[in-house]
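Below is one structure; the comments refer to it alone.
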Amino acid sequence: DTATAVDTDVVVIGGGQAGLAAAFHLQRVGYRADRDFVVLDHSPRPGGAWQFRWPSLTYGKVHGMHALPGMELSGADPGRPSSEVIGAYFESYEQTFGLSVHRPVSVLAVRAGAGGRLLVESSEGRYATRALINATGTWDRPFWPRFPGQETFGGRQLHSSRYEGAEQFRGARVVVVGGGTSAVQQLLEIAPVAAATTWVTRRPPVFRDGPFGEEEGRAAVALVEERVRQGLPPQSVVSVTGLPMTDAIRQARESGVLERLPLFERITPTGVVWADGRRVAADVILYATGFRAAIDHLAPLKLREPGGGIRMDGTRTLRDPRVHLVGYGPSASTIGANRAGRAAVHDIRRLLAPAPGPAP
Ligand code: FAD
């Protein structure tokens with residue numbers, strides 16, 4: 049059945065930071081878009097997951113967005129939503145470099161094909177490829193923790209990825225679950241308009257004073273890298289870096305908004321209950337509990353270890369050297385995604401040598 053598939057050297061799945069960085073480097077070493085490689089992305093517009101981020105996440109509030117390789121992102125208004133700023137930047141990036149991302153195209157499955165090829169099944173047909181760069185991020189797999197009684201709750205439950213701004217919480221009693229940046233940013237926005245807020249985290253949050261240094265960044269990435277080397281599921285890089293202390297956070301702490309409670313034990317029709325009998329009434333439970341890698345389409349390749357993770361050497365999976373994961377685990381940041389894109393291309397180039405096009 050490989051016969052009916054379009055032949056190519058590399059399929060890149062995902063057109064976010066990681067996928068575009070990979071496409072840029074493929075082109076740079078001589079692979080041509082729509083001949084030697086193809087980029088498939090199921091989002092409606094350029095921007096990767098950024099296009100879906102809530103409007104109040106302005107460009108000024110993101111932690112530090114690294115530009116894509118080869119083109120600066122300059123002069124952006126910090127008050128504009130990051131979804132618009134980065135969406136427009138990615139769009140002009142794709143045009144400038146002629147990356148011709150196919151969208152909206154969903155990859156449904158990747159399997160072993162005939163003749164040493166990988167068969168990529170997508171909504172626009174099949175590709176038989178010699179190598180694969182998976183850059184599908186995490187946005188499509190929001191993580192919902194499970195609690196006894198969750199299904200009996202009479203109010204509204206939503207994940208932070210569906211947050212659209214504080215207005216939808218006006219007058220409500222809101223329980224926010226999660227200890228990351230999204231939890232804190234959304235809690236700070238909701239608190240002034242809500243009737244009451246309760247913040248619940250698994251571990252006591254760690255606030256970090258001062259900017260996050262490069263040294264600490266490397267140490268955080270190394271921690272996640274070590275987990276991946278051991279075949280364990282990666283943690284998010286942000287989960288090991290702590291929360292940056294800002295003026296808004298300092299004020300919220302003084303006002304009591306950031307007084308945190310440990311995880312409750314169960315959910316009732318009207319609120320949440322702790323093991324010691326404490327109860328909080330709630331109209332809304334907001335889960336700012338992060339994401340998992342969106343890689344279900346790779347299941348037929350059986351890349352997972354018994355520990356649940358995918359063991360990797362750099363960006364290459366140990367179980368299939370044709371398959372690279374970029375923006376996964378240790379490279380799940382804008383700077384990590386850039387580096388991973390380049391590393392994957394260098395590795396694939398060696399695998400597929402001799403590469404088409406001129407040598408640099
Ligand atoms: P994405 O941007 O998620 O792109 C993946 C693309 O793949 C999407 O377009 C998606 O539609 C597509 N896709 C997924 N599955 C399929 C499929 N089966 N078939 C076809 N296409 C598919 N990092 C920073 O460095 N700085 C920050 O300030 C920062 N802020 C963040 C804020 C939030 C709220 C979140 C959730 C993350 C933040 N991050 C930040 C981390 C950020 O996710 C990464 O830095 C980076 O943008 C991820 O890029 P990516 O290309 O790996 O994934």
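Numbered by full-length UniProt numbering, the letters in the sequence shown go through residues 49 to 408 in order.
Quick reminder that beta carbons are idealized off the backbone N, C-alpha and C, glycines included.
Model, not experiment: these values are computed from the prediction.
Subject >> Classification of Ala347 by the beta-carbon crowding that lies within 10 angstroms, buried from 16 upward >> reply: exposed
Original post:
Taking 7 Å as the line, does the beta carbon of Arg101 fall inside it for any heavy atom of ligand 1?
Top reply: yes
**OP:** State the CB to CB distance for the pair Phe72 and Leu116, rounded to an integer number of angstroms; the pair is presumed to be in contact (CB under 8 Å).
**Re:** Confirmed, about 7 Å.
**OP:** Tell whether a beta-carbon distance below 8 Å holds between Pro196 and Arg314.
**Re:** Yes, the pair counts as a contact, with Cβ atoms nearer than the cut-off.
Original post:
What's the C-alpha gap between Gly161 and Val168?
Top reply: 9 Å
**OP:** Would you check whether ligand 1 has a heavy atom nearer than 7 Å to the C-beta of Met360?
**Re:** It does not: the Cβ of Met360 is nowhere closer than 7 Å to a heavy atom of ligand 1.
Subject >> Nearest residue (CA-CA) to Ile333, options Asp55, Ser130, Gln216 >> reply: Gln216
Subject >> Own chain, CB closer than 7 Å to residue 421, minus 5 neighbours either side, in chain order >> reply: No statement about residue 421 is possible, as the shown extent of the chain runs from 49 to 408 and does not include it.
**OP:** Kindly list the residues whose CB is nearer than 7 Å to the CB of Pro252, restricted to its own chain and excluding five residues on each side of it in sequence; keep chain order.
**Re:** Arg308
Original post:
Is the region 348-366 touching the region 139-153, taking contact as three or more C-beta pairs under 8 Å?
Top reply: Contact fails: fewer than three Cβ-Cβ distances are below 8 Å.
**OP:** Whole angstroms is fine: what's the gap from Leu349's alpha carbon to Gln278's?
**Re:** 19 Å
Original post:
Which of the three DSSP states, helix, strand or coil, is assigned to His114?
Top reply: coil
Subject >> Beta-carbon separation (whole angstroms), Ala66 vs Ala183, contact threshold 8 Å >> reply: Distance from Ala66 to Ala183 at the Cβ level is roughly 4 Å; contact confirmed, criterion being Cβ atoms closer than 8 Å.
Original post:
Would the C-beta of Gln283 count as close to ligand 1, meaning under 7 Å from any of its heavy atoms?
Top reply: no
**OP:** Give the straight-line distance between the Cα atoms of Gln75 and Val59, rounded to the nearest whole angstrom.
**Re:** 13 Å
Subject >> 8 Å CB neighbourhood of Thr106 in its chain, flanking five on each side removed >> reply: Pro126, Gly127, Arg128, Pro129, Ser130
**OP:** Could you have a look at residue 27 and say whether DSSP puts it in helix, strand or coil?
**Re:** The structure shown does not extend to residue 27, since the chain spans only 49 to 408, so no value can be given for it.
Subject >> Backbone CA spacing between Val320 and Val54 [nearest angstrom] >> reply: 53 Å
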